[in-house]
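Participant: The structure is given below, and queries will be raised subsequently.
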Amino acid sequence: MTTRNTYEPIPQPPGYPVLGNLFDVKGADTAIQALMKLASQYGPIFQLRVGPSRMIVVSGFELADELCDEKRFDKMLGRGQINARAVAGDGLFTSWTHEPN
736 MTTRNTYEPI PQPPGYPVLG NLFDVKGADT AIQALMKLAS QYGPIFQLRV GPSRMIVVSG
796 FELADELCDE KRFDKMLGRG QINARAVAGD GLFTSWTHEP N
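Counting in this note's numbering, the sequence shown runs from 736 upward without gaps.
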């Protein structure tokens, strides 16, 4: 059996300096329509950059289902979710992996 030690880079639409891919998302009627169009062009996983921030976008049931496997992955709360948790409590987007919500 051969193991693969190299990884392909995650596809990304070309962007502009500093602004990155801002116009790729802002150009559609809704952000979800823009993301669906990008998914049809770049596949079930792609990345976007807006300013210094990078976002990995996953579409398609198989890949999303694999990423939701709690036995293999853990949920990480970002600064925004932690701040929202102080007000909203633990919920779908603000709970840690071990919490039932």
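All residues carry an ideal CB built from backbone N, CA and C; glycine is no exception. Every value quoted in this text rests on a predicted model; they were computed, and no experiment measured them.
1. Let me know if Asp809 comes out buried or exposed under the rule of 16 or more other beta-carbons within 10 Å of its beta-carbon.
2. Figure out for me which residue from Val793, Gly786, Gly826 and Glu805 has the closest Cα to the Cα of Met771.
3. Can you give, in chain order, each stretch of the alpha helix (DSSP H) that sits fully within the stretch 778-805 and has at least 4 residues?
4. In the DSSP assignment, the alpha helix (DSSP H) including Gly815 goes from what residue to what residue?
5. From which residue to which residue does the alpha helix (DSSP H) around Phe758 run?
6. Whole angstroms is fine: what's the gap from Pro744's alpha carbon to Lys761's?
7. Within its chain, find whatever has a CB closer than 8 angstroms to the CB of Gln782; leave out the 5 residues flanking it on each side and keep chain order.
8. Nearest to Ala774 by CA position, among Leu798, Ile817 and Val753, is which residue?
Facilitator: Taking the geometry as given:
1. exposed
2. Val793
3. 796-802
4. Arg814 to Ala823
5. Leu757 to Lys761
6. 24 angstroms
7. Ile745, Pro746, Gln747, Arg789, Met790, Ile791 and Val792
8. Leu798
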